[in-house]
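K.L.:
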Amino acid sequence: MNLFRLLGDLSHLASIFILLHKIQTTRSCRGISFKTQALYVTVFVARYLDLFYRYVSLYNSVMKLFFIASSVYILYLMKYKYRPTNDPSIDTFRIEYLLGPCVLLSLIFNYKFSVTEVLWSFSIFLESVAILPQLFMLQRTGEAETITTHYLAALGVYRALYIPNWIYRYITEDGVVDPIAVTAGLVQTGLYIDFFYVYFTKVLQGQKFELPA
Amino acid sequence: QSPGSAHDEL
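Chains as they are written, first to last, in this note's numbering: chain A, -2 to 210; chain B, 18 to 27.
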């Protein structure tokens, strides 16, 4: 564990609390992509199956359980409690275009051709693109509530902080590098660049998040 | 040690 990863994880944690706060206070999940949230549940379940056979630390296990539980809870809120505020007609990204390639990539690139290792790879690849339905929705509506942009920013910061974490680990752990995680992580962080540009130049200057027409 | 150093990450 190093500071970059800890801050990254805390940022991830914060993003979930921001999302829950947004849904509870506005009593609405407007602007949130159900598809992205469903992909996150898939990611967490596929990756954290290792709770059953790999113990890293109490911190690690508690975080994993929290990420699974909170992501399922968010789906519940969207699908049941605040269902009328969820508009599937603008959440139109075709997730089969993400799932298919991720399945294929995980079958080719994995550290061992076993069920758990392929699922681990799959979760890494899927996480890297899981935000796309959300960004697509943003692009489509052209605007977002400020709180929703804070949620996305916290998620982006989490991913961005994993990059210095890997550099730090490479230096301090004698050249250790995880090619699958690093490649997917760079792609994932890259997807946030456009968003961050608008976030920093508009939202943090007190303006509304609006994309040019 | 399991393959892939990121296995101990979240």
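Built from N, CA and C at the ideal position, the CB exists for glycine as well. Predicted, not measured: the structure shown is a model, and the values here were computed from it.
Can you list the alpha helix (DSSP H) stretches of 4 or more residues lying completely in the segment 180 to 209 of chain A, in chain order?
P.N.:
Correct list: 190 to 198.
K.L.:
Would you kindly work out how many angstroms separate the C-alpha atoms of E114(A) and I121(A), rounded to a whole number?
P.N.:
The residue labelled residue 114(A) in the question sits at position 117 within the first sequence. The residue labelled residue 121(A) in the question sits at position 124 within the first sequence. Looking at the two C-alpha atoms, the distance is approximately 11 Å.
K.L.:
Find the nearest neighbour of Y148(A) within the set Q136(A), P161(A) and Q131(A), judged by alpha-carbon distance.
P.N.:
As a position in the first sequence, residue 148(A) is number 151, starting the count at 1. It is Q131(A) whose Cα lies nearest to the Cα of Y148(A).
K.L.:
I want to know whether the segment 75 to 85 of chain A touches the segment 30 to 37 of chain A - three or more CB-CB distances under 8 Å.
P.N.:
Touching, yes, given that three or more Cβ pairs across the two stretches are closer than 8 Å.
K.L.:
Who are A141(A)'s beta bridge partners in DSSP?
P.N.:
Sequence index remark: in the first sequence, residue 141(A) carries index 144 (1-based). Answer is F206(A).
K.L.:
Distance, Cα to Cα, D47(A) vs M60(A)?
P.N.:
For the purposes of this step, residue 47(A) is taken as the residue at position 50 of the first sequence. For the purposes of this step, residue 60(A) is taken as the residue at position 63 of the first sequence. If I take the Cα positions, the gap works out to 13 Å.
K.L.:
Taking one C-beta from the segment 193 to 202 of chain A and one from the segment 148 to 160 of chain A each time, how about it: are there three or more such pairs within less than 8 Å?
P.N.:
Enough Cβ pairs lie closer than 8 Å, so yes.
K.L.:
Could you check if A178(A) is buried or exposed, using at least 16 other CB atoms within 10 Å of its CB as the buried criterion?
P.N.:
Position 181 of the first sequence, counted from the start, is the residue given in the question as residue 178(A). A178(A) is buried by the Cβ-count criterion.
K.L.:
Anything in the segment 55 to 89 of chain A with a Cβ closer than 8 Å to a Cβ of chain B? List those residues in chain order, please.
P.N.:
Of all residues in the segment 55 to 89 of chain A, N57, M60, K61 and F64 have a Cβ within less than 8 Å of some Cβ in chain B.
K.L.:
So, with DSSP's three-state summary, where would you put G172(A)?
P.N.:
Position 175 of the first sequence holds residue 172(A). Correct three-state label for G172(A): coil.
K.L.:
Quick check: the Cα distance between E170(A) and A35(A), rounded to an integer number of angstroms?
P.N.:
Sequence index remark: in the first sequence, residue 170(A) carries index 173 (1-based). Sequence index remark: in the first sequence, residue 35(A) carries index 38 (1-based). Straight-line Cα distance between these residues: approximately 35 Å.
K.L.:
Let me know the beta strand (DSSP E) ranges lying completely inside the segment 4 to 68 of chain A, each 3 residues or longer, listed in chain order.
P.N.:
Listed in chain order, there is nothing to give.
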